[in-house]
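Colleague: Structure below; questions to follow.
Protein chains: 8
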Amino acid sequence: RRKGAPEVVFGETKETAQVIAMAQALLAGSGRAIISRMRSETKEALLDVFRDYTIRLREAARAMVISRPDFVRPDTGGHVGIITAGTSDVPVAEEAALVAEEMGCRVTCIYDVGVAGLHRLVGPLRDLLSNDVDAIVVAAGMDGALPSVVAGLVPVPVIGLPTSVGYGLGGKGMAALLSMLQTCAPGLAVVNIDNGIGAGVTAALIANRVAQARKHPLR
Amino acid sequence: RRKGAPEVVFGETKETAQVIAMAQALLAGSGRAIISRMRSETKEALLDVFRDYTIRLREAARAMVISRPDFVRPDTGGHVGIITAGTSDVPVAEEAALVAEEMGCRVTCIYDVGVAGLHRLVGPLRDLLSNDVDAIVVAAGMDGALPSVVAGLVPVPVIGLPTSVGYGLGGKGMAALLSMLQTCAPGLAVVNIDNGIGAGVTAALIANRVAQARKHPLR
Amino acid sequence: RRKGAPEVVFGETKETAQVIAMAQALLAGSGRAIISRMRSETKEALLDVFRDYTIRLREAARAMVISRPDFVRPDTGGHVGIITAGTSDVPVAEEAALVAEEMGCRVTCIYDVGVAGLHRLVGPLRDLLSNDVDAIVVAAGMDGALPSVVAGLVPVPVIGLPTSVGYGLGGKGMAALLSMLQTCAPGLAVVNIDNGIGAGVTAALIANRVAQARKHPLR
Amino acid sequence: RRKGAPEVVFGETKETAQVIAMAQALLAGSGRAIISRMRSETKEALLDVFRDYTIRLREAARAMVISRPDFVRPDTGGHVGIITAGTSDVPVAEEAALVAEEMGCRVTCIYDVGVAGLHRLVGPLRDLLSNDVDAIVVAAGMDGALPSVVAGLVPVPVIGLPTSVGYGLGGKGMAALLSMLQTCAPGLAVVNIDNGIGAGVTAALIANRVAQARKHPLR
Amino acid sequence: RRKGAPEVVFGETKETAQVIAMAQALLAGSGRAIISRMRSETKEALLDVFRDYTIRLREAARAMVISRPDFVRPDTGGHVGIITAGTSDVPVAEEAALVAEEMGCRVTCIYDVGVAGLHRLVGPLRDLLSNDVDAIVVAAGMDGALPSVVAGLVPVPVIGLPTSVGYGLGGKGMAALLSMLQTCAPGLAVVNIDNGIGAGVTAALIANRVAQARKHPLR
Amino acid sequence: RRKGAPEVVFGETKETAQVIAMAQALLAGSGRAIISRMRSETKEALLDVFRDYTIRLREAARAMVISRPDFVRPDTGGHVGIITAGTSDVPVAEEAALVAEEMGCRVTCIYDVGVAGLHRLVGPLRDLLSNDVDAIVVAAGMDGALPSVVAGLVPVPVIGLPTSVGYGLGGKGMAALLSMLQTCAPGLAVVNIDNGIGAGVTAALIANRVAQARKHPLR
Amino acid sequence: RRKGAPEVVFGETKETAQVIAMAQALLAGSGRAIISRMRSETKEALLDVFRDYTIRLREAARAMVISRPDFVRPDTGGHVGIITAGTSDVPVAEEAALVAEEMGCRVTCIYDVGVAGLHRLVGPLRDLLSNDVDAIVVAAGMDGALPSVVAGLVPVPVIGLPTSVGYGLGGKGMAALLSMLQTCAPGLAVVNIDNGIGAGVTAALIANRVAQARKHPLR
Amino acid sequence: RRKGAPEVVFGETKETAQVIAMAQALLAGSGRAIISRMRSETKEALLDVFRDYTIRLREAARAMVISRPDFVRPDTGGHVGIITAGTSDVPVAEEAALVAEEMGCRVTCIYDVGVAGLHRLVGPLRDLLSNDVDAIVVAAGMDGALPSVVAGLVPVPVIGLPTSVGYGLGGKGMAALLSMLQTCAPGLAVVNIDNGIGAGVTAALIANRVAQARKHPLR
Ligand SMILES: Nc1ncnc2c1ncn2[C@@H]1O[C@H](COP(=O)(O)O)[C@@H](O)[C@H]1O
Ligand SMILES: Nc1ncnc2c1ncn2[C@@H]1O[C@H](COP(=O)(O)O)[C@@H](O)[C@H]1O
Ligand SMILES: Nc1ncnc2c1ncn2[C@@H]1O[C@H](COP(=O)(O)O)[C@@H](O)[C@H]1O
Ligand SMILES: Nc1ncnc2c1ncn2[C@@H]1O[C@H](COP(=O)(O)O)[C@@H](O)[C@H]1O
Ligand SMILES: [Mg+2]
Ligand SMILES: [Mg+2]
Ligand SMILES: [Mg+2]
Ligand SMILES: [Mg+2]
Ligand SMILES: [Mg+2]
Ligand SMILES: [Mg+2]
Ligand SMILES: [Mg+2]
Ligand SMILES: [Mg+2]
C-alpha cells in the first residue's frame, strides 16, 4: 500500500483461505503476490492452488512470491547489502533480501559475521563498497552492537534491523532495538524488531532513488 | 566520528570549558565545530571566545556552527525535506536541518502541517517531489501519526523523528516512537526520541548518495 | 451488570459447564444470554443444549446470543457506526457490533478502510453522517492512527478501540492504545485493547441516549 | 482543529509571545481563544495585552478564555456532569468543565465525593439524572475506582478521567488509568491522564448530539 | 519454612517424582504435606502413592493435603474471612482458605460479590463482623476495586489478593495490584498476583495472634 | 476515612491555606488533625495558626499532630514494632510510627539494623517478641531483603514497607517492592513504596485487634 | 568466541541438523563441542551421530559435551563454588558448573540452602573458603536475596545468577535480577536471568586467573 | 559492610551533619572514611572539619577519602584497569578507580576510547595485558557496546559498568545495561547503572585474590 513498495501479505495470523483470496486479488491486480511468515499448511495449499504460476520460495524466511507468467520483475540497478551478526538473524534478514529483490534491487548477503569476528566483516564490507552498494541493512539480536559498528565504518546509509534473539532482561530483541536507538554512530535509522520487510523496503527505496539518479543525471 | 558525518558536540551535559576545548580541537582539525543543545551561558561564552570565527546560530535548536574563516562548507547537491506535525516539534526539526545543511545538502522545511490539516500538507509535498527531494524527515510528537501518512504518499525514503511532546501514558514521545515502529506504511525508518542530529545525518547520507550518483552516472 | 447494558459472559476462561450454567441463569432472568470469546467445544455444546431457543451466531467474534422464544430485542432507534483499519481488526469490531445491536441499535459496519486508503474512508463516512449516526467505534491495531483521523473529520463522538494486532515493540495493541490516548484530535475516548464489548456498550449508551431525545424532544 | 470542538492552546510548554500570537490568530478567526495550563507570567501578559476583550479566568485550571466583544458563546442545551473523587482532582476537572461550557453545554460539578463516602455521591447523582444529564465525566487519581462505581449506577455515558495523583508504583495516575481500562462496568470510556480538555470535549460532543436530537426530533 | 507457617510445595513447576519425594520428607517430619498447583498427572500419582494417608483435596485450587493418620491439625480459634469479587477469583481464594485452615483457623468464604452488587456484600460482611472475624482476605482481578471498598467499611485488617484476571493493558492482575497499592483506604496490605498461599498465611498469622490473645488475656 | 483509622492530610501537594482549612475541619470534628509530608512553609504557618492547640512534631517524617486541648488520644494496649534496614529508611518509618501511636499503640523502633549486620537484629528482635509485639513493620530500600529475613524468623505478622532508596535499574524502591512481593517467606504483606501511613495503619489495626482480644477474652 | 572461553552452542532455538553441523565444526577445530539447552530430539540424534566420541551428559542442564577421543580437558587448578537458593535454580546452576569444569576448574556445588535456612549455608561456606575457592556463583530466583547474603559474608568475588523462578509482578527472575543490581553488599556482579553459561564463564575466568598466579608467583 | 571492602558513605541523599557523623565513626573505627557523591556544601564542611586529617579529593567523582594521620593504606599488588567509552563516563569510572585504590590496588585508567575509535583501544589494551592486569572495568553509556568488545578481546575478567548517559528510549543507561546483559561475549558480569563503587569493589576483590595467590603460590 505504500507508494513505491509492493503489498506483502503477513501470513502468520491469517487463515489459508484468507491468504489465497488476498493472493488472487494481488495477482489479478499487479500480477504478483508476496506472502511472508507462511504457516506450513498455507505453504502447501499455495503451492497447489497456484501451480500454474511462477513460484519463488524463500524457505528460511517462510516467504513465497507468486507471479503471473507474464509478470516481469523490475530491474532498477539499485544495490542493497544485507549483513547479519549471527545465524539466528538469518530468517529475518532473508525477508529483507526478498522484498528488496522484488523491488528490483541487486542484493548481496553477508551472514554471521559476529561482533567478535570483526575481521570477518572487513573484507566483505570493502567488497560491498567497491561494488557501489547504495544502502546496507544490518540485522542483529542480543546486544545489537553490529549495526553501530558498521555505521561507524561506512559513509553509506545503514538500516538497523533488531531481531528477537536473546532471553532474560532485554531479550527478544529489546536490548538490540534500544541499543540501536542509542547508537554512538549518529545516523543509524532503525525499524521494529523482526521487521525484515520494513528494513528491506527502506533500503530498496534508498537504492532505487540512487539508481534512478544514476540513470537520470541531469535532473 | 561516523564516516561521512561531522562530529557534533552535545552541549546539554557539558561544562562551558569542556565545550570550548572540544570546539577548539575540532576547529584545529576539520576547521568546523558544531555544537547542539547549548546552555545559554555556554552560548555567550562561545560567541565571545570565537568572535574571530564565522558563526552560524540556530536559536530554535540551541545550536551553533563555528568555522575557521577559510573553511568551505561542501555543496553536495543533495536535497532534504523536513516536515513537522506541530510547532513544538520545530526545535528538534531545526537540529536535523542544521546538520543536513552542514553535510552539504539543500534543506526545505515545512512546519506545523498538523494531521487534521492534511490539505496543508498536500501542496508543499507536491512541490518537494517536483524539486527532486532525496529524503524526507518527518518530526511528530503525541500520536506520531504524520510520518506514516507522509510515507504512505511518497516513494521517497522517509525518516520518522519522534519528539518528546505529550504527557500522560505514552507521553514524552513514547507513543510517537512506538507508533512509528508499528507503522502501516512499510519502510518508515526511525531514530530515537528528539534525536534531530541522527535524523538529519541519515537523511543527508541518503541525499548525498543520490547526489553523487547524479554526478557520476557511469558508476 | 451495568445499568442499561446487558450482562455478557466471557467464554475464553470458562469451562463449558460454567458457561451453560451462566447462560441458563441469564435466560431465566432477562430472557437472553450473550456469550463472547467462546471456545469451539463450548459453541458446539451450547448449540446442542439450547437447541429449542433462538440462537444468533457471530462467527468472526466467536460470540453467540441465545434468547427465549418470547424474548423481544429492543429497537431503540439509535445508530452506531463501526469502522476498522484492517481485516485483522474485524473480530473485535464484530464484538462491538453484536452488543450494540443487542442493546437495540442499528449498526453500520465499514471494514478495512486502511490508513493509506483514506479515499476509501471518505464516501462511507459521508453516508454515515447523512444517516444520522450517533456514535462511531473505530478499531485499529499497529499504529492505531485511524481513530484520530476519523475523530478529526466528524463532529460525532468517536470511541477508539485498539486491537492486539502488531509485533515487536509497541505490538499487541500497545502502540495503538498509546497513540489513541495521545491523539491530536481532542475528544477521542478509548477502551482497552481488544475490548469490543466495552466499545460497543459505550457507543450504544450514547446512541440510545440520542435516540431517546429524538423521541422525547420536550424534556 | 477537531470538527465540533474549539482549538485550545496548551500553555505549559509555550513562550508567552507564542501564546499571544496564537491567541491573536484565533481571535481574528473564530473570535475566541482558549488557553490552558498557562504559566503565571503568561497569564499576566495576556490580561494586559487583551484588556479590551472579554476575559474569563478559571484559576484552578490555570485556564483563560478571551473573546472578542462581539463573540456569542453557543448555548446548545446539552448538559454535562463532572464529578471528582478528591480535591486534588479538581484542577483537571475544571479544565473539562471549562471546555464543555465553551462548547455550549450546561455543566454541573460535584467535587470530592470520595469512594468511601459513597453516600455523599448518591444524592447529587440522583439530582443529575433527574436533570437529564447527557454525559458524565468522572475524575479520579490513586486507585481510580470512582468512575467504575458511577458507571455501574447510571445508564448515562461516563468518561473516566484519570488524574496524576498518587506516588509509588502505579502513581501519577497510572493505576487510575489501568484500573479504568480494566473496569468491571463495561462501557466506561477513558481519556489520558490529566487530559481534562479531552474528557470535556468528548462529554460535550455527546451532550450536544443529544441536545440536537431534542431540538430536531424528526430526523 | 516461615515460623508459624507450614511448608507448601508449589507443584506447577515440579516433576511428579520431585513432589512425591518432598511430600515424603514433610510427612516424615511434621506429619503433613501441603501441595498447591498440582498438575493433573501429579494428583493421580499422589492419590495412589499416599493411599494409606489421610487426603484432603481442594479441586478448585488444585491443592491437596496429605497427613499421617496420627496427625492432628491445630484448632487455634482464629477466624479468617475470604471474599472474592468474581467467580474467576475463586481458585486463588481457595488456596488462601486451605492454608488458613491448615494453620488452624476457621474460614468463612463469600464468593462473587462483584463491585456493582455491593448490596450482595453488606449482609455477609455484617455477619462476618458479628462473628468476630480477625482478618479478611479480598481477592479481585480486573480493576481490583473490591479490597479498597471492603477496607473502607471494616475496622478489621484486610489483605488484598490480586488475581491474574483481565486482558489488555493492566491485564493479568497488574491493574488490580497497582490499584490496591494506590488504595484510598489507607491500611490495605497486599500480596503478589495469584499468591493465595501468601494471603492465607498472612491472614492466619493475624488471626492466630488474636486468638492467642483471647486465650491468654493476662499477657 | 477508613473505619478504625484517623484521617491523615497529605501535605506535599497542598497549598498551606488548603491544609489549614482541612486541619480546622478535622479539629472541629474528631478533635485532632494529622498532617504528613508538610512543606516547610506550611509547617511554620501551622505552628502559628494553631499555637493554642497541642502540637506534636515529628521532624524526620515532616509530620505534625494538632489536637484540641480536650482531645484524649486512645491507649489501646496494642504493641507495634518498626524496624529499618538503613538510616535513609527512617523518615518513612517515622510516618508509620506516628500514625500507629495516634491509633493508640505503643511503638518500639529499631533503626538501621542493616542486612549484613544480622547480629545487630537478633537481640532487639528477641526483646520485641518477649514484649509481646503484635505486628512488625519492616522498612527497606535498595534490595529490600530485610522484611523477608524478619518474616522468616518470627511468627508475628510482618508488613513490608519499601522505601524509595536506590538508583539505577530497580531504584527508587522498585526492586525493594518487587523483592518483597516475591518473598521466599510466605505471608509477608506489603504496602506501596514510601507509604509509611499505610504500613502504620495496617500494623495498628492488627495490634488493636489483638489488644481488644486481650481485654475481651470471652468473645 | 570469547578469548579464554569455549564456544557453546545454544540448542534451544536451533534445528537438530544445525546443531550437528556446528558440533562437527567445533570437533574438527578445538576437538570439543559443548551444547546447552538441547531439545530432547536433538539429544537423541547427537548420542547417535557421535557414538564414537566421548560424551558427557548433564541431564539437569540439558547440556552435553562431545569430545574427540584424543581431546584432553585442561586442569587449571582454579576452584569455583556454585550455590543455589532452591531446587528450581539447579538446572541453571548446572550450566554454570559444566562450563566452569570444561574451562578446567574444580567445581564445588552446594544446592538448596534457602534463605531461611542460613544455618545450612554457614558450614559449607566455611568449607569452601578453607579449600581456597576462587570465585562463587550464587543462583537464586524469586526475591533473589541469597547472593547479597553470601557476598556480605565472604571476601571472595561473587557472581549473582538470577533464575526465572517466580510468578506475578517481578516474576520470572525480574525481582531477583533487580534485587541483585540493588544489593546492599557492594561488589556483587551479575549476569542476565538464567544465563548459567555467562556466570560459569565469568567465575572460571576469575578462578583461572588466580590459579595461573599461584603457578607463576614471580610475575 | 562487605567483607574485604571498605564502607563507603553515599553523600547524595544525606545531610552534611549526617555525613560528618558517619565519617567520624569510621575514622574512629578503621581509621579511614570514604565519601562518594558529595554535595558541594558537604565537601566544604568536610574540608573544614577534618583539616587535621589526610584528605584525598577526587573532584570528578565528587568523592573524598579522609584518613587518620596514622592510617596506612594497604598495597596488595593487585592491578585493575578502568576504561571508558566517552568523556561523560569518566565521573563514574573515577568512583571505581578510587575505591579500587583504597582497597590496595594499582589502577590504570584509559578514558574516551570510543567505539568507532577501536584503534585507540588496541594499544593501551595490549599494554594493560603485558602489565598483568587482573581485572578490567569498562564504563559505557548510550549503546553500551564497548564492554562486550573488550570482553571479546581479552582473557581477563571484565566488569561492565553502564552509565546514565543518553536520552530518549533506552536512555539514562537503560540500553547500556540491557545490552551488557545480552552480550555476545559470554562472561561479562555487570553492576547497576552508575554504580562505580560496585564495579571498583568487584574488580579489586578479583585483583586482590590474584595478588594474594601470587604471594602465596603454595596454597
Ligand atoms: N543533539 C544530539 N542528539 C543526538 N546525538 C548527538 C547530539 N549532539 C551530539 N550528538 C552525538 O553524540 C555523540 C556523543 O557526543 P559527545 O558526548 O559530545 O562526544 C557524538 O557522536 C555526537 O555526534
Ligand atoms: N469479550 C469481553 N470483553 C470485555 N468484557 C467482557 C467480555 N465478555 C464479557 N465481558 C464482561 O466481563 C465481566 C466479567 O464477566 P464474567 O467473568 O463472565 O462474569 C462482565 O461485566 C462482562 O460484561
Ligand atoms: N503520607 C501519606 N501516604 C499515604 N497516604 C496518605 C499520606 N498522607 C495522607 N494519606 C491518605 O491519602 C488520602 C488522601 O489524602 P487527602 O488528599 O489529604 O485527602 C487520605 O485517605 C489519607 O489518609
Ligand atoms: N545457555 C546459554 N546461555 C547464554 N549464552 C549461551 C548459551 N549457550 C550458548 N551461548 C552463547 O551464545 C552465543 C551465540 O550462540 P550461537 O547462536 O550458538 O552461535 C555464543 O557466544 C555462545 O557461547
Ligand atoms: Mg547480535
Ligand atoms: Mg504529532
Ligand atoms: Mg491499524
Ligand atoms: Mg481517587
Ligand atoms: Mg474484580
Ligand atoms: Mg535495604
Ligand atoms: Mg531465591
Ligand atoms: Mg558508550
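Residue numbers (my numbering), protein chains in the order written: chain C, 3 to 221; chain W, 3 to 221; chain L, 3 to 221; chain Z, 3 to 221; chain F, 3 to 221; chain S, 3 to 221; chain Y, 3 to 221; chain P, 3 to 221. Where a beta carbon is used, it is the ideal one built from N, C-alpha and C, also for glycine.
Measure the beta-carbon distance from L120(Z) to V101(Z) and round it to whole angstroms, keeping in mind my assumption that it falls under 8 Å.
Modeller: Position 118 of the fourth sequence, counted from the first residue, corresponds to residue 120(Z). Position 99 of the fourth sequence, counted from the first residue, corresponds to residue 101(Z). The pair is not a contact, with the Cβ atoms about 28 Å apart (cut-off 8 Å).
Colleague: Which term fits L49(C), buried or exposed, when burial requires 16 or more other beta carbons within 10 angstroms of its beta carbon?
Modeller: Taking the first sequence and counting its residues from 1, the one referred to as residue 49(C) is at position 47. Exposed, by the Cβ-count rule.
Colleague: When the Cα atoms are used, what is the spatial distance from G170(L) to A209(C)?
Modeller: What you label residue 170(L) is simply residue 168 of the third sequence in a count that begins at 1. What you label residue 209(C) is simply residue 207 of the first sequence in a count that begins at 1. If you take the alpha carbons of G170(L) and A209(C), they lie about 26 Å apart.
Colleague: Could you give the first and the last residue of the continuous alpha helix (DSSP H) run that contains L130(Z)?
Modeller: As a first step, residue 130(Z) must be located in the fourth sequence, where it is residue number 128. Segment L120 to S132, the alpha helix (DSSP H) holding L130(Z).
Colleague: Between C107(W) and chain L, is there a C-beta pair that is closer than 7 Å?
Modeller: Taking the second sequence and counting its residues from 1, one reaches residue 107(W) at position 105. Output row for C107(W): interface = no.
Colleague: What's the C-alpha gap between P188(Y) and A191(W)?
Modeller: Translated into positions along the seventh sequence, residue 188(Y) becomes position 186. Translated into positions along the second sequence, residue 191(W) becomes position 189. If I take the Cα positions, the gap works out to 42 Å.
Colleague: How would you list, in chain order, the residues of chain Y whose beta-carbon sits under 8 Å from the beta-carbon of G173(S)?
Modeller: As a working mapping, residue 173(S) is identified with position 171 in the sixth sequence. Under the 8 Å cutoff, chain Y gives Q184.
Colleague: Give me whichever residues DSSP pairs with P76(F) in a beta bridge.
Modeller: As a working note, residue 76(F) is residue 74 in the fifth sequence. In the DSSP output, where bridge partners are listed per residue, P76(F) has none listed.
Colleague: Shortest alpha-carbon distance to A201(W) belongs to which of S90(W), I138(W), P71(W) and L123(W)?
Modeller: The sequence position of residue 201(W) within the second sequence is 199, counting from 1. Cα-wise, what sits closest to A201(W) is I138(W).
Colleague: Please report the distance separating the alpha-carbon of V124(L) from that of V74(C).
Modeller: Position 122 of the third sequence, counted from the start, is the residue given in the question as residue 124(L). Position 72 of the first sequence, counted from the start, is the residue given in the question as residue 74(C). Taking the straight line from one Cα to the other gives about 34 Å.
Colleague: Using a Cβ-Cβ distance cut-off of 7 Å, determine whether L179(Z) contacts chain W.
Modeller: Translated into the one-based positions of the fourth sequence, residue 179(Z) becomes position 177. The beta carbon of L179(Z) falls within 7 Å of a beta carbon belonging to chain W, placing the residue at that interface.
Colleague: How many whole angstroms separate the CB atoms of D77(P) and G106(P), which I take to be in contact at a CB cut-off of 8 Å?
Modeller: Here the question's residue 77(P) lines up with position 75 in the eighth sequence. Here the question's residue 106(P) lines up with position 104 in the eighth sequence. The C-beta separation of D77(P) from G106(P) comes to about 5 Å, placing the pair in contact by the 8 Å criterion.
Colleague: Let me know if I22(L) comes out buried or exposed under the rule of 16 or more other beta-carbons within 10 Å of its beta-carbon.
Modeller: Locating residue 22(L) in the third sequence gives position 20, counting from the first residue. The Cβ neighbour count for I22(L), taken over all protein chains shown within 10 Å, is at least 16; the residue is labelled buried.
Colleague: If contacts are defined as beta-carbon pairs under 8 Å, then P149(F) and V160(F) qualify, I think. What distance do you get, rounded to the angstrom?
Modeller: The residue given as residue 149(F) occupies position 147 in the fifth sequence. The residue given as residue 160(F) occupies position 158 in the fifth sequence. The Cβ separation is near 6 Å, so the contact holds.
Colleague: Considering Cα atoms alone, identify which of A213(F), I57(F), P157(F) and H218(F) is closest to L207(S).
Modeller: As a first step, residue 207(S) is located in the sixth sequence; it is residue number 205 there, counting from the start. The residue with the shortest Cα to Cα distance from L207(S) is P157(F).
Colleague: What residues of chain Z sit near L155(L), judged by a beta carbon separation below 8 Å?
Modeller: As a working mapping, residue 155(L) is identified with position 153 in the third sequence. Simply K5.
Colleague: Strictly below 9 Å CB to CB, what residues from chain F border I195(L)?
Modeller: Here residue 195(L) is taken as the residue at index 193 of the third sequence, counted from 1. Within chain F, the residues near I195(L) are Y169, G170, L171 and G173.
Colleague: Measuring only the C-alpha atoms, how far is V115(P) from A19(P)?
Modeller: In the eighth sequence, the residue the question calls residue 115(P) occupies position 113. In the eighth sequence, the residue the question calls residue 19(P) occupies position 17. In this structure, the alpha-carbon of V115(P) lies about 40 Å from that of A19(P).
Colleague: Does DSSP put A87(P) in a helix, in a strand, or in coil?
Modeller: As a working mapping, residue 87(P) is identified with position 85 in the eighth sequence. In the displayed model, A87(P) falls within coil according to three-state DSSP, outside both helix and strand.
Colleague: Say whether chain P places a C-beta atom closer than 7 Å to the C-beta of A147(C).
Modeller: The residue you call residue 147(C) lines up with position 145 of the first sequence. A147(C) counts as touching chain P.
Colleague: Beta-carbon separation of G143(F) and G172(F) under 7 Å?
Modeller: Here residue 143(F) refers to the residue found at position 141 of the fifth sequence. Here residue 172(F) refers to the residue found at position 170 of the fifth sequence. It is not a contact, given that the beta carbons lie outside the stated cut-off.
Colleague: What would DSSP say about R216(P), mapped onto helix, strand or coil?
Modeller: Taking the first residue of the eighth sequence as position 1, residue 216(P) is located at position 214. If DSSP states are grouped into helix, strand and coil, R216(P) belongs with the helices.
Colleague: I'd like the list of long-range same chain contacts for A153(C), defined as Cβ closer than 6 Å, with 5 residues on each side in sequence excluded.
Modeller: Counted from its first residue, the first sequence places residue 153(C) at position 151. V160, A187 and L190.
Colleague: Go through its chain and collect everything with a Cβ distance to N194(F)'s Cβ below 7 Å, but skip five positions before and after it.
Modeller: As a position in the fifth sequence, residue 194(F) is number 192, starting the count at 1. Cβ neighbours of N194(F) beyond the five flanking positions: G200.
Colleague: By how many angstroms is the C-alpha of A62(F) removed from the C-alpha of V67(Z)?
Modeller: What you label residue 67(Z) is simply residue 65 of the fourth sequence in a count that begins at 1. What you label residue 62(F) is simply residue 60 of the fifth sequence in a count that begins at 1. Taking the straight line joining both Cα atoms gives about 60 Å.
Colleague: My output table needs one value for L171(L): the three-state DSSP class, helix, strand or coil.
Modeller: Here residue 171(L) refers to the residue found at position 169 of the third sequence. Residue state, collapsed to three classes: coil.
Colleague: Opposite A147(L) in the DSSP bridges: which residues?
Modeller: Within the third sequence, residue 147(L) is the residue found at index 145, counting from 1. None; A147(L) has no bridge partner.
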